[in-house]
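**Q** Using my numbering, the first residue of the sequence shown is number 5, and each one after it goes up by one.
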Amino acid sequence: MDAYTPTRGDRFTFGLWTVGNRGSDPFGGPVRDHIDPCEIVRNLAECGAFGVNLHDNDLVPLGKSQKERDTIVSNFKRALSENDMVVPMATTNLFSHPVFKDGAFTSNDPRVRAFALQKTMDGIDLGVELGAKLYVFWGGREGTEADACRDVRTAIERMREAMNFLTGYVKANGYDLRFALEAKPNEPRSENYFPTTGHMLHFISTLADEEMVGVNPEVAHEVMSGLSFPHAVGQAMEAGKLFHIDLNSQKIGRYDQDLRFGSEDPRQAFLLVRLLEGTGGGEPYRGPLHFDAHAYRSEDEQGVWEFARGNMRTYKILKAKARAFDSDPEVCELLRCHEDPELEALWQAGYDSKRAQSLRQIDLKPDEVARIGLRYERLDQLMMEHIFGVR
Ligand code: GCO
Ligand code: MN
Ligand code: MN
5 MDAYTPTRGD RFTFGLWTVG NRGSDPFGGP VRDHIDPCEI VRNLAECGAF GVNLHDNDLV
65 PLGKSQKERD TIVSNFKRAL SENDMVVPMA TTNLFSHPVF KDGAFTSNDP RVRAFALQKT
125 MDGIDLGVEL GAKLYVFWGG REGTEADACR DVRTAIERMR EAMNFLTGYV KANGYDLRFA
185 LEAKPNEPRS ENYFPTTGHM LHFISTLADE EMVGVNPEVA HEVMSGLSFP HAVGQAMEAG
245 KLFHIDLNSQ KIGRYDQDLR FGSEDPRQAF LLVRLLEGTG GGEPYRGPLH FDAHAYRSED
305 EQGVWEFARG NMRTYKILKA KARAFDSDPE VCELLRCHED PELEALWQAG YDSKRAQSLR
365 QIDLKPDEVA RIGLRYERLD QLMMEHIFGV R
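See below:
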């Protein structure tokens, strides 16, 4: 036990599919055995996690009878309560079955879209039964290779129809459940629809039940596009739409690596944790901290639990570093804004012709302002020294 040992209060969660990942890749089969979901719950609890998330079929394999389903679910519920674990989020597997080879909600075949809706309604019922308050939608195979097969506008419209139908289902059942949409630029499709969190944020603003729908950004997915993850998350937070988050790590421009949180990108991970924890100001994120990552293919099961602990410890270490950075007197001094409320009032109060007239008349001396050094070199080096642990 040390200051970075994870505890329930830290709100860390893992998917059954993350620690349960068996190490298959396109070039080779599994290197680890299947771990029973109840066993995963026990082990995660022991590692200090607070909850576990799942796809419908991570728990109830396809093709089980209602009776078999009920037995599996009740055993799982017992494991949860015996280990003081919760299920904050659930989702649907809309990518493994061959019927989804050309997408689910955006498929050209209405029978596939109908099946996706059936499966999602069942998945929602399962999630709610397990206590989930969030339901994630990751596009999976919603995308194309042969782009001529479908107008992008049609795909977007179909996705909207599905979301509106499903928020309708949640409301009609009186479920206390919100949706979180997860963007990804490619993989498994050549082009995925809604490739970034920004695309998702706009799409959400066009939905019938907009207030029930937010985003679930994933580190790896934004980095695959070469974009800044803290910027994507910051925009989602500012819009009040950060409902859930998928933490992991990723090298730029590669396949979806799902590496242990912070392992490839300590600087970005630091900035992300600082943002989520609000140590630099602003409202913190209060939802579950979910790791959507998996252990290296080199690992046996012991390595998997080592991996699980590693994700959580890194988050806590960065949280402590973010606090130290934002209470460092030299950092505070460097960050003190050049506020000028009187000047700002000229536009912050909105446009009026008198204020515009006054604004136009001020001599702002841009050449003088331009000569002022902003000391960001010092600020950034201080941040790095905090990250390196020498300050
Ligand atoms: C991926 C995705 C998934 C989703 C999961 C929950 O790239 O495979 O990140 O892991 O997060 O299916 O919807
Ligand atoms: Mn994910
Ligand atoms: Mn992913």
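Where a beta carbon is used, it is the ideal one built from N, C-alpha and C, also for glycine.
#1: Could you work out which residue in L280, F329 and L263 is closest to E303 when comparing CA atoms only?
#2: Buried or exposed, going by whether 16 or more other CB atoms sit within 10 Å of the CB of Q122?
#3: Quick one, what's near ligand 2 if you take every residue whose CB is closer than 6 Å to any heavy atom, in chain order?
#4: With a floor of 4 residues, list each alpha helix (DSSP H) that falls wholly inside the stretch 19 to 89, ordered by position along the chain.
#5: So, helix, strand or coil for M387, using DSSP?
#6: What is the rounded straight-line gap between the Cα of V156 and the Cα of H59?
#7: With DSSP run on the structure shown, which of helix, strand or coil describes V140?
#8: How about F233 and Q272: do their beta carbons lie closer than 9 Å?
#9: For the beta strand (DSSP E) containing M5, list its first residue and its last residue.
#10: According to the neighbour-count rule (16 or more other Cβ atoms, all chains shown, within 10 Å of its Cβ), is A360 buried or exposed?
#11: According to DSSP, which residues form a beta bridge with E348?
#12: Under the rule that 16 or more other beta-carbon atoms within 10 Å means buried, what is P41, buried or exposed?
#13: Name the one or two DSSP bridge partners that T148 has.
#14: Can N25 be considered in contact with ligand 3, in the sense that its beta carbon sits closer than 8 Å to one or more heavy atoms?
#15: Go to V277, then tell me how far its alpha helix (DSSP H) extends in each direction, as first and last residue.
#16: For M93, report the span of its beta strand (DSSP E) as first-last.
#17: From the DSSP output, in three-state form, read off A297 for me.
#18: What are the boundary residues of the beta strand (DSSP E) that includes A184?
#19: With a threshold of 8 Å, establish whether the CB of A224 neighbours any heavy atom of ligand 1.
#20: Ignore the nearest five residues each way along the sequence and tell me which others in G52's own chain have a CB closer than 8 Å to its CB.
#21: Apart from the five residues just before and just after S111, which ones in its own chain have a Cβ nearer than 6 Å to its Cβ?
**A** Reading from the atomic positions:
#1: Looking up residue 303 in the sequence shown gives position 299. Taking only the C-alpha atoms, the option nearest E303 is L263.
#2: Numbered from its first residue, the sequence shown carries residue 122 at position 118. It counts as exposed.
#3: Near ligand 2, meaning a Cβ closer than 6 Å to any of its heavy atoms, lie the following residues in chain order: W142, E186, E222, D250 and D296.
#4: Whole alpha helix (DSSP H) segments, 4+ residues: 20 to 23, 41 to 51, 60 to 63 and 70 to 86.
#5: Taking the sequence shown and counting its residues from 1, one reaches residue 387 at position 383. It is helical.
#6: Working through the sequence shown from its first residue, we reach residue 156 at position 152. Working through the sequence shown from its first residue, we reach residue 59 at position 55. If I take the Cα positions, the gap works out to 27 Å.
#7: Along the sequence shown, read from residue 1 onward, the residue named residue 140 stands at position 136. Strand at V140.
#8: Here the question's residue 233 lines up with position 229 in the sequence shown. Here the question's residue 272 lines up with position 268 in the sequence shown. Going by C-beta atoms, F233 is nearer than 9 Å to Q272.
#9: Your numbering for residue 5 matches position 1 in the sequence shown. M5 -> no beta strand (DSSP E), and no H or E assigned at all.
#10: The residue labelled residue 360 in the question sits at position 356 within the sequence shown. By the neighbour-count rule (16 or more Cβ atoms within 10 Å), A360 is not buried but exposed.
#11: Here residue 348 corresponds to residue number 344 of the sequence shown, with the count starting at 1. In the DSSP assignment, E348 forms no beta bridge with any residue.
#12: Here residue 41 refers to the residue found at position 37 when the sequence shown is read from its first residue. By the neighbour-count rule (16 or more Cβ atoms within 10 Å), P41 is buried.
#13: Start at 1 with the first residue of the sequence shown, and residue 148 comes out as number 144. DSSP lists E195 as partners of T148.
#14: Numbered from 1 along the sequence shown, position 21 holds the residue referred to as residue 25. Every heavy atom of ligand 3 is 8 Å or more from the Cβ of N25, so no.
#15: The residue labelled residue 277 in the question sits at position 273 within the sequence shown. That run of the alpha helix (DSSP H) goes P270 to E281.
#16: Locating residue 93 in the sequence shown gives position 89, counting from the first residue. Run containing M93: M93 to T95, per the beta strand (DSSP E) assignment.
#17: The count along the sequence shown starts at 1 and reaches residue 297 at position 293. In the structure shown, A297 sits in coil (DSSP, three-state: anything other than H, G, I, E or B).
#18: Translated into the one-based positions of the sequence shown, residue 184 becomes position 180. Where A184 is concerned, the enclosing beta strand (DSSP E) stretches over R182 to E186.
#19: Along the sequence shown, read from residue 1 onward, the residue named residue 224 stands at position 220. Taking 8 Å as the cut-off, the C-beta of A224 counts as close to a heavy atom of ligand 1.
#20: Within the sequence shown, the letter at position 48 stands for residue 52. Taken in chain order, the residues that qualify are T9, P10, T11, R12, D14, F16, R313 and M316.
#21: The sequence position of residue 111 within the sequence shown is 107, counting from 1. In chain order, R117 place their CB closer than 6 Å to the CB of S111, counting only its own chain and leaving out the 5 sequence neighbours on each side.
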